[in-house]
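Asker: Chains as they are written, first to last, in our numbering: chain X, -5 to 105; chain C, 48 to 163.
All C-beta atoms, glycine included, are put in the ideal place defined by N, C-alpha and C.
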Amino acid sequence: GEDVEQSLFLSVREGDSSVINCTYTDSSSTYLYWYKQEPGAGLQLLTYIFSNMDMKQDQRLTVLLNKKDKHLSLRIADTQTGDSAIYFCAESRGNTGKLIFGQGTTLQVKP
Amino acid sequence: GAVVSQHPSRVICKSGTSVKIECRSLDFQATTMFWYRQFPKQSLMLMATSNEGSKATYEQGVEKDKFLINHASLTLSTLTVTSAHPEDSSFYICSARDALAKNIQYFGAGTRLSVL
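1. By DSSP, does C:T129 sit in helix, in strand, or in coil?
2. Where X:L58 and X:S78 are concerned, what is the direct C-alpha to C-alpha distance, given to the nearest angstrom?
3. For the putative contact between X:T73 and X:E8, defined by C-beta atoms under 8 Å, what is the C-beta separation to the nearest angstrom?
4. Is it buried or exposed for C:K88, if we count other Cβ within 10 angstroms and need 16 for buried?
5. By Cβ distance, which residues of its chain are closer than 6 Å to C:E133, with the 5 residues on each side in sequence left out?
6. Could you work out which residue in X:I80, X:K104 and X:S1 is closest to X:K30 when comparing CA atoms only?
7. When you compare each of X:F82, X:Q53 and X:G76 to X:E(-1) by their alpha carbons, which one comes out closest?
8. Is the beta carbon of C:G157 sitting closer than 7 Å to the one on X:G36?
9. X:T56 by DSSP, collapsed to three states: which one?
10. In this structure, how does DSSP classify X:T41 when only helix, strand and coil are distinguished?
In structure tokens:
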């Protein structure tokens, strides 16, 4: 199976919170990341968390890491239509810098 | 955040021609850059790791003679798709690893290659 897995689609109403989930398999992952991709564009780094942390908050974004269950989540508070995009989680292993990406979750925000 | 400039953003070429894609880190030094390929509605597939001043490391199944990578300076890596064919049509994205913050990679905007 995939090393990093995400659900493919999430639909929310504007103003609600969005929670995007990700699971990974490698317990040696050092950093975990969330990237945002808008249509036809590259990836924008949203936030990242070091593997020895449980939570990180940055304005509307909250990342939760459950290392025991190898589960990562991204919560977007007060979701806006501009948040509609594909969200990728990724894990980094060792010092190579290689990132292993999930399949991406398409977030649809309805007005 | 740091900026990675990738050019061209879109290229259409005839089968058999070669195409060069540039990836530049604009306000930081990148000893390592990565090249990815993304198919429609799919995730990013790592093609190769580009290290400044040395040969690139290619992932399994990626032809190094087909996808030539040069990383001649701390701010520039190039990917040349040689003798392109329609099956090479794809979205190519580069990323650059900050030499001072090695846990951070910044991505270019991508290049849409269409081979006729």
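Answerer: So, to answer that:
1. To locate residue 129 of chain C, count along the second sequence from 1; it is residue 82. C:T129: coil per DSSP, three-state reduction.
2. Mapped onto the first sequence, residue 58 of chain X falls at position 64. Mapped onto the first sequence, residue 78 of chain X falls at position 84. The straight-line gap from Cα to Cα measures roughly 21 Å.
3. Indexing the first sequence from 1 puts residue 73 of chain X at position 79. Indexing the first sequence from 1 puts residue 8 of chain X at position 14. Indeed, because the Cβ distance is near 6 Å, the residues count as touching under 8 Å.
4. Walking along the second sequence from the start, residue 88 of chain C turns up at place 41. By the Cβ neighbour-count rule, C:K88 is exposed, with fewer than 16 other Cβ atoms within 10 Å of its own.
5. Counting from 1 along the second sequence, the entry for residue 133 of chain C is found at position 86. The residue asked about is misnamed: residue 133 of chain C is Pro in this sequence, not Glu. Within the same chain, C:P133 has close Cβ partners V162.
6. Locating residue 30 of chain X in the first sequence gives position 36, counting from the first residue. X:K30 has its Cα closest to that of X:I80, out of X:I80, X:K104 and X:S1.
7. The count along the first sequence starts at 1 and reaches residue -1 of chain X at position 5. Of the residues X:F82, X:Q53 and X:G76, the one whose Cα lies closest to the Cα of X:E(-1) is X:F82.
8. One-based indexing of the second sequence puts residue 157 of chain C at position 110. One-based indexing of the first sequence puts residue 36 of chain X at position 42. Taking 7 Å as the Cβ cut-off, C:G157 and X:G36 qualify as a contacting pair.
9. Residue mapping note: residue 56 of chain X aligns to position 62 of the first sequence, counting from 1. Note: X:T56 maps to strand in three-state DSSP.
10. Along the first sequence, one-based indexing puts residue 41 of chain X at 47. Note: X:T41 maps to strand in three-state DSSP.
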